[in-house]
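Protein chains in written order, with my numbering: chain A, 1 to 336; chain B, 1001 to 1401. Every residue gets a Cβ at the ideal spot worked out from N, C-alpha and C, and that includes glycine.
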Amino acid sequence: MHHVVSSAHILAQESDSWINTDTFIDLFWANTIGGLEYGSIYALIALGYTLVYGVLKLLNFAHSEVFIYGAYATWFTFFLLGFRPGPTPELATGELIAFLLLAVVVAMLVSGTTALVLERVAYRPLRNRGAPRLAFLITAIGASLVLQQILFLWRGGNAEQAIRLLRPETLFTVGSASIQNLTIIIVVASILMWLVADTFVNRTRFGRGIRAVAQDPETATLMGVNKERIIMLTFVVGGLLAGAAALFYMMKIPQGAQYNGGFLLGIKAFAAAVLGGIGNLRGALLGGLLLGVIENHGQALFGGEWRDVVAFVLLVLVLMFRPTGILGESLGKARV
Amino acid sequence: MARARITAALVLAAAASLALSACEARTDQGGSAGNEPQADAPAEPANAHKPEGDGNAKCSNVAIAYAGTINGENAALGQNILNGVKLAVKKHNDANKDCQVELKEFETEGVPEKAPGIVTQMVNTKEIVGVVGLPFSGESKAAGNIFDKAGLPQISPSATNPALAENGWKTFFRGLGNDNAQGPAAAKFLTENLGAEKVCVVQDDSEYGIGLAEAVKEALGDKVVCNEKVKTKQKEFSAVVQSIKAAQPDAVYYSGYYQEGAPFAQQLFDAGVEAQLVGPDGVKDVEYVKGAGDAAAETFFTCPCVPGEGFTKFAGEYRDMFDKDPGTYSVEGYDAATVLLSGIDAGNTDRKKMLEWIKNYDAQGLSNKLGWDDKGELAETPTVWTYKVENGKIVRNVEIK
């Protein structure tokens, strides 16, 4: 009884300000910057969903596990370098950069390999037998669970204990936002990674192959494009980007290496890809950043418990008016 | 190799210097009573009940069970309890050759949606006459009526949500104080010992987190300057952290579990929020200390649990068996198992008799005086202790009276 009365009391207290515009305005810059930081991680993961969807019209739900394998790779790299959980060590800048570069390379390789194995083991046999699209989708969900359980059996249910090399420090402030070194690294590096991916797809021979297969697999094959190789390549590129995202994620959230830690992030990144227009590289970037920022502002306006609701209501609204996402599906569209 | 060793040395040196500076920081702010010289930890009560009994018990084909998280959510909290139970069963079985009680383990993963199915399996296992669990409040709420219907008694060594005892379940017993004790005690610690005038209360969306936050907020009254909500499994907290930063509190109370508490604490620390962070029993685990990095050394905990540091005999036996120190609620798990085991020794080998045995139980446990009222709450409300982090371990701070 007491329980019921006090919840009613709290409900009454909050009902007179269910939308908190003051917090929204006061913290506009802080939440925007924070959202851009996390959003750029969404964006990098979203690229993997978008690339695979563009080429195979497959929602690769196991991509969240490709990402989390990268997070474990990052953690193990730090661990094998001799770092242990506890307070952040003081490192010389050169050393720090070397270690982080090593970690990103390892993470990208592990995620890329995971994606490749996933493609070979789970999806290729289905393709060879001409399985219907639904079979791919169910396989993707199954593969996601299998990859999760492997981690679970090996490392258990707890997150790996936090190891961090770079302590965030505030460099300068913009309005209510303190810009930290970590924020700059994550946002700038993510945008650079996106630029590389975008250039790769739009400017190189391999990229042309990816676009050709996305447009029309049969014709592309007739024109001498090796479709199987292109599909492998697409998975690997998506995996590499997820690996890079994993390092940034682990720098921001060192407790991130947990067997099911990719799930929620994967769903969000997938939503970001759809928001921007799935199959569209620019859309993935825009969708990721937008989702990150809006999640934060949504929390400021309505409270932390509405975080996911705000994000998905927004997604539904956008899809009502633009069913193909903000920028539309474009990987398969002919472009000069 | 050499490189790794040098780096390790650097890390150690940095860790040591940081640990030192953390200690200094704490003595600086330490006019407050939060850091007064400590009372000694209570020693093992000489008259505490013993799982081994008199060694002459006779029984056959009888089992007790542990149900709760083993490898699932916040697994460390469940394993602490399970190990306490295992130790009690081992001591019992070693001493009583003619009464070998089997311990069955059931994994709920700590997830409220999964608990009813698992508990149904358990109540259908006929040999089980009593259960230690469930550890968490959310799953306890979801599965309590199944125990009640089957008449299978359960002693929860750690679920603290007060409302659990209000459901009229005849089989529910709580082996520790509830959040109607922890909430006000936490408020007292925050305002009196830490001298906080402005407190932010952060709650997760679990039964436990919500209930405890309500108790804390009620006791704090108008000293609550912000109330933020986070979600289970959330790992990114920038919006919540920014809101807390803007409210400029003296202290932050995190009402939830360590899985989210650790990244939250670290991100709060990273954002330069200097408020004193205090967490409840759900955060008080060495997993938190290892997860929260730089932020861990600055955290206090409240817990309706007795510090086990004085229990040298228990701790020694525990270490021998599991090769690690007892954790939060290991003692409570051991006590709960002892109640069941002594019931079996006294010939209560079916559920109905066991239920009567627990209802009439009245003995000193290692942790608390064990004896229950009609609702299944301890008749003698135990005190709440606060804890702090020292050298990467959680040690007792002060008792809140």
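Membership of B/E1102 in the beta strand (DSSP E) is indicated by the continuous run E1102 to E1107. The way I'd put it, the region 32 to 44 of chain A does touch the region 240 to 256 of chain A; three or more beta-carbon pairs between them come closer than 8 Å.
The alpha-carbon separation between A/V52 and B/S1330 amounts to approximately 48 Å. Distance between B/R1174 and A/V66, taken at the CA atoms: about 43 Å. Per DSSP, the beta bridge partners of A/S178 are A/T173.
Residue B/S1137 holds the alpha-carbon nearest to the alpha-carbon of B/G1211 among B/A1185, B/D1250 and B/S1137.
It is roughly 24 Å from the alpha-carbon of A/N280 to the alpha-carbon of A/I33. Residue B/E1228 holds the alpha-carbon nearest to the alpha-carbon of B/K1245 among B/H1092, B/E1228 and B/A1346. Ranked by how close their Cα comes to the Cα of B/G1256, the residues B/A1213, B/F1269, B/V1062 and B/Q1100 have B/A1213 in first place.
A/I68 and A/I278 have their C-alpha atoms spaced approximately 22 Å apart. When the five nearest sequence neighbours on each side are left out, the beta carbons in the same chain lying within less than 8 Å of the beta carbon of B/E1113 are those of A1142, in order along the chain. Between the alpha carbons of B/D1098 and B/P1042 lies a gap of roughly 35 Å. Note that the region 293 to 304 of chain A does not touch the region 105 to 116 of chain A; fewer than 3 beta-carbon pairs, one per stretch, sit closer than 8 Å. Counting only runs that start and end inside the region 1087 to 1136 of chain B, the alpha helix (DSSP H) elements of at least 4 residues fall at 1115 to 1123. Taken through DSSP and simplified to helix, strand or coil, A/N202 comes out as helix. Using a Cβ-Cβ distance cut-off of 8 Å, the region 226 to 242 of chain A and the region 116 to 125 of chain A are in contact, since at least three pairs of beta carbons, one from each stretch, lie closer than that value. When Cβ-Cβ separations below 8 Å define contact, A/E305 makes contact with chain B. For B/F1300, the enclosing beta strand (DSSP E) begins and ends at T1299 to C1303. In this structure, A/P89 keeps its C-beta atom at 8 Å or more from the C-beta atom of B/D1294.
The Cβ atoms of B/A1076 and B/G1327 sit closer than 8 Å to each other. A direct Cα-to-Cα measurement between B/T1232 and A/T204 gives close to 44 Å.
Contact check for B/V1225 against B/P1249 passes: the beta carbons are separated by less than 8 Å. When DSSP states are grouped into helix, strand and coil, B/K1229 belongs to the strand group. Segment contact: the region 1080 to 1095 of chain B against the region 1265 to 1283 of chain B, fewer than three CB-CB distances shorter than 8 Å; contact not assigned. When DSSP reads this structure, B/R1174 sits in a beta bridge with B/S1156. Contact of A/L151 with chain B is not assigned, every C-beta pair being separated by 8 Å or more. Not a single CB atom of chain B sits nearer than 8 Å to the CB of A/G54. DSSP assignment within the region 1244 to 1316 of chain B yields the following whole beta strand (DSSP E) runs of 3 residues or more, N-terminal first: 1251 to 1255, 1276 to 1279 and 1299 to 1303. For A/A92, the number of other beta carbons within 10 angstroms of its own is below 16, and it is reported as exposed. Closest option to B/H1092, judged by alpha-carbon separation, among B/F1314, B/L1164 and B/D1054: B/D1054. Interface residue (Cβ-Cβ distance to chain A less than 8 Å): B/A1067 is not classified as such. For B/E1390, the uninterrupted beta strand (DSSP E) segment begins and ends at V1384 to E1390.
Taking B/P1153 as reference, the option from B/L1134, B/T1108, B/F1311 and B/I1394 with the minimal CA-CA separation is B/L1134. Of all alpha-carbon atoms in A/I25, A/Y42, A/L145 and A/I163, the one lying nearest the alpha-carbon of A/A245 is that of A/Y42.
The region 1095 to 1110 of chain B and the region 1055 to 1073 of chain B touch, with three or more beta-carbon pairs separated by less than 8 Å. Residues of the region 79 to 101 of chain A with a C-beta atom less than 9 Å from some C-beta of chain B are L80, L81, G82, F83, R84, P85, G86, P87, T88, P89, E90, L91, E95 and F99, listed in chain order.
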